[in-house]
Amino acid sequence: MTVVVIVLAAGYGVGVGLLLPRAVWRLGVEAGEGWRERCPEGHVLPGWLGAARCRVPSGQAPPHTYGRRALPLAALTGTVCAALGAAVGPRPEAVVYVGLAPVLVLLALVDRAVHRLPDVLTLPLAAAAAAGLGAAALLPGAAGDWRRALFGGLLLATGYLALFLVNPAGMGFGDVKLALSLGVALGWYGWGVWAAGAFLGFLYGALYGLFLLLRGSATRGQGFAFGPFMAAGAFTGVLLAGFGA
Numbered sequence: 001m002t003v004v005v006i007v008l009a010a011g012y013g014v015g016v017g018l019l020l021p022r023a024v025w026r027l028g029v030e031a032g033e034g035w036r037e038r039c040p041e042g043h044v045l046p047g048w049l050g051a052a053r054c055r056v057p058s059g060q061a062p063p064h065t066y067g068r069r070a071l072p073l074a075a076l077t078g079t080v081c082a083a084l085g086a087a088v089g090p091r092p093e094a095v096v097y098v099g100l101a102p103v104l105v106l107l108a109l110v111d112r113a114v115h116r117l118p119d120v121l122t123l124p125l126a127a128a129a130a131a132g133l134g135a136a137a138l139l140p141g142a143a144g145d146w147r148r149a150l151f152g153g154l155l156l157a158t159g160y161l162a163l164f165l166v167n168p169a170g171m172g173f174g175d176v177k178l179a180l181s182l183g184v185a186l187g188w189y190g191w192g193v194w195a196a197g198a199f200l201g202f203l204y205g206a207l208y209g210l211f212l213l214l215r216g217s218a219t220r221g222q223g224f225a226f227g228p229f230m231a232a233g234a235f236t237g238v239l240l241a242g243f244g245a
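FYI, the UniProt record's numbering numbers position 77 of the sequence shown as 77, with every residue one higher than the one before it.
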């Protein structure tokens, strides 16, 4: 049964990943700017999902590509979803973790590009994680606790809010909102998992910052996108918890 879950999760991840390049491009704007409505060549973008490629009339020119390539992104989301499917297995919460994973990948890519975590993704992600795990808790075979998940989300967001208030230059408010959904996902499996996922996010970020300093490509106090490391820490925590649940 677990093999079936892995295959379905991987297929879902690949399928959704193929549709994300255009969303990455459209959302990849600085704060205060409107979402991109045109490609670099000025063509109007048809919707939010799909390849980052503009079609031109036949015979005039090859399709114009821009932004992220679809196949590497599909491989990334497929791998993430397959790993979650393998860890969580045939439990009800697998649908939630696998289903929302591509949104987290999209957020990480946008944050890496423009150091921004759009509310249009972070807030619905938190609501979907809470509602999805609440539904999973009602089904037989669930391995977590919904109330603890909700409290975990509030607690992690509160911690990030405190860091933001102490040092706004070092922590974006988008990170606070992302922490809400990540705390829900981690709290589901227990406080040990919650603490591990939160700690690993800071650890990954610190190691990356140290790497930049040693390489000479960054200076002390220079900021970088922290969302991808938050996501990586939570992903690692869920994997560890899923395999051990």
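For glycine and all other residues, C-beta sits at the position ideal for the given N, C-alpha and C. Just so you know, these numbers come straight off a predicted model, no measurement behind them.
Taking the C-beta atoms as reference points, L107 is found nearer than 9 angstroms to L178.
The alpha-carbon of V98 is positioned some 8 angstroms away from that of G13. Per DSSP, the continuous alpha helix (DSSP H) segment holding L27 begins and ends at P21 to L27.
Secondary structure at R147: helix, using DSSP grouped into helix, strand and coil.
In terms of CA proximity to A75, G17 leads the group V114, V96 and G17. At a Cβ-Cβ threshold of 9 angstroms, A198 and G159 count as neighbours. The C-beta separation of G183 from G152 comes to about 4 angstroms, placing the pair in contact by the 8 angstroms criterion. When the Cα atoms are used, R36 and V3 turn out to be separated by approximately 40 angstroms. Per the Cβ contact rule, the region 36-51 is not in contact with the region 108-125 (fewer than 3 Cβ pairs under 8 angstroms).
When secondary structure is reduced to three states using DSSP, R69 falls in the coil class, being assigned neither helix nor strand.
In the structure shown, C54 falls within a strand segment according to DSSP collapsed to helix, strand and coil. Counting along the chain, the unbroken alpha helix (DSSP H) around F211 starts and ends at W191 to R215. Spatial neighbours of M171 in its own chain (CB-CB distance under 8 angstroms, excluding positions within 5 residues in sequence) are listed in chain order as Y160, L163, F164 and F226.
Inclusion of F235 and Y208 in the CB contact set at 9 angstroms is not warranted, their separation being larger than that value. In this structure, A129 is the residue among P140, P168, A136 and A129 with its C-alpha nearest to the C-alpha of L186. Going by C-alpha positions, A127 is about 28 angstroms away from R68.
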